[in-house]
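What follows is a set of notes on a single structure, which appears directly below.
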Amino acid sequence: MGISDSSAQTGLDDTDYPMLERQVASLLEDEHNFIANAANFAAFLYHELPNVNWLGFYFIEDDESLVLGPFGGHPACARLPKGRGVCGQAVRERRTVTVDDVGTFGDHIVCDSESRSELVVPLIVHGRIIGVLDVDAPIPARFKPADVAGLERLVARFIESPAIPSTRLTSRPQQRANERISIQTCRDHHVVIRYLIEEIDKADSTDSTRALLERLHAVMIAHLRLEDDSLYPQLRLSQNEVVRWKAERYSIEMGDLGERFAALFLFWTRDDALRSDPGGFIREWSAFKQILTVRIDAEDHDLYVAADADAV
70 MGISDSSAQT
80 GLDDTDYPML
90 ERQVASLLED
100 EHNFIANAAN
110 FAAFLYHELP
120 NVNWLGFYFI
130 EDDESLVLGP
140 FGGHPACARL
150 PKGRGVCGQA
160 VRERRTVTVD
170 DVGTFGDHIV
180 CDSESRSELV
190 VPLIVHGRII
200 GVLDVDAPIP
210 ARFKPADVAG
220 LERLVARFIE
230 SPAIPSTRLT
240 SRPQQRANER
250 ISIQTCRDHH
260 VVIRYLIEEI
270 DKADSTDSTR
280 ALLERLHAVM
290 IAHLRLEDDS
300 LYPQLRLSQN
310 EVVRWKAERY
320 SIEMGDLGER
330 FAALFLFWTR
340 DDALRSDPGG
350 FIREWSAFKQ
360 ILTVRIDAED
370 HDLYVAADAD
380 AV
């Protein structure tokens, strides 16, 4: 039976997305097998969404080609070459891609000749793309902005399910545990930094001052590396917009502070620099110490507090 004129005009705009999200959450919440959840998710949406002739997953393999996953509809291409087609564009650009007429998309890969329009949503988990959700329709211009928003919310709900492939990803509980470890280690660094600040202020010789600066330099390097390699990337993936914003702002500010300390360290640990101009060191150190103390106080009482709450 063909599609009537009235049904051809029907899009996802008419779908009760809040209801679908609740149903998807209920469908996935008690299952910890990734394939089972992906299969149920694809089958459920294929039958619930109007004017869709294919809906399913493609997952990224080690060579970054896309391999067919659970789906609803006719048999499809088992593999899509890296970067090719609408799916490849969604992976490459890390965004949802819609095509109103696949016949005009120069790199379109034909798996089902009935498909006229297409929507592809990337699956981004902890900052990594693990695949895409591909949706085809037998009518042109099937997917409107409301469709994009609706399917992106449904994909987000799928990603939040307890079943995440352990060979590719860090589970949410493990990610949260890693965040807590990083936050506590950063706090421990701050304790040492405060101690070294006090010791530098009390140092009674240039040799002692230089040795303490070298110890502070080692702690600062470890602290900056932990923040840049672990804490900030984790917090930038937070679902809390405030935490993401704080992570970005603090990251920029800490980069400037790190560069300032590196310049101070390199200059004042040169031969005879401390002996030849002790007053100059005191002035520069006092100014930097004030900025550093304000910074670590802000991290302890603002950034880390927000991060702790987000990691619960």
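If you count by our numbering, then the sequence shown holds residues 70 to 381, one letter each, in order.
C-beta: ideal position from N, C-alpha, C; glycine also.
Values in this document were obtained by computation on a predicted structure and should not be read as measured data.
DSSP beta-bridge partners for Ala206? Ser186
**Asked** Tell me, which residues are paired with Arg148 by DSSP?
**Response** Val136
So Ile178 is in the beta strand (DSSP E); what residue range does that whole segment cover? Neither: Ile178 is in no beta strand (DSSP E) and is coded neither H nor E.
Item to complete: Using only alpha-carbon positions, find the residue among Leu137, Pro144, Gly141 and Gly142 that is nearest to Pro150.
Response: Leu137
Going by DSSP in three states, Phe128 sits in which element: helix, strand or coil? strand
Item to check | Segment contact, 8 Å Cβ cut-off, at least three pairs: the stretch 203-213 with the stretch 181-192 | outcome: yes
Using beta-carbon positions only, say whether Thr167 and Val121 come within less than 8 Å of one another. no
What residue ranges within the stretch 248-302 form continuous alpha helix (DSSP H) runs of no fewer than 4 residues, ordered along the chain?
-> 275-295
- Kindly indicate which three-state DSSP category Arg161 falls into: helix, strand or coil? helix
Self-check item: Closest residue to Ile252 among Leu372, Asn106 and Pro87 (Cα-Cα distance)
Solution: Leu372
Taking only the alpha-carbon atoms, compute the straight-line gap between Gly215 and His195 and give it to the nearest angstrom. Note on residue identity: the sequence assigns Ala, not Gly, to residue 215. Straight-line Cα distance between these residues: approximately 25 Å.
Query raised in the report: Is Arg197 helix, strand or coil by DSSP?
Result: strand
Straight-line CA distance for Ala108 to Pro139? 5 Å
request  = Can you say whether Leu335 is buried or exposed, counting buried as having 16 or more other CB atoms within 10 angstroms of its CB?
outcome  = exposed
inquiry  = In the DSSP output, what is Gly141 paired with across the bridge?
reply    = Leu124
- Query: Which class does Thr84 belong to by DSSP, given the choice of helix, strand or coil?
  - Reply: coil
Quiz prompt | Simplified DSSP assignment, three categories, for Pro40 | solution = Given a span of 70 to 381 for the chain in the structure shown, any question on residue 40 remains unanswerable.
**Prompt:** At what residues does the beta strand (DSSP E) containing Thr167 begin and finish?
**Reply:** Val166 to Val168
- Item | Reduced DSSP secondary structure (H/G/I, E/B, other) of Leu192 | strand
Practice task
Classify Pro214 as helix, strand or coil using the three-state DSSP reduction.
Solution key: helix
Check your understanding: Three-state secondary structure (DSSP) at Thr338?
Key -> coil
- Is the beta carbon of Arg185 within less than 7 Å of some heavy atom of the ligand SAM? Inclusion of the ligand SAM in the displayed structure is not the case, the ligand content being empty and no account of it being possible.
- prompt: DSSP state of Glu37, grouped into three classes?
  reply: Residue 37 is absent from the model: the chain starts at 70 and stops at 381.
Next on the checklist: With three or more beta-carbon pairs closer than 8 Å as the criterion, would you say the stretch 260-277 touches the stretch 317-329?
Outcome noted: no
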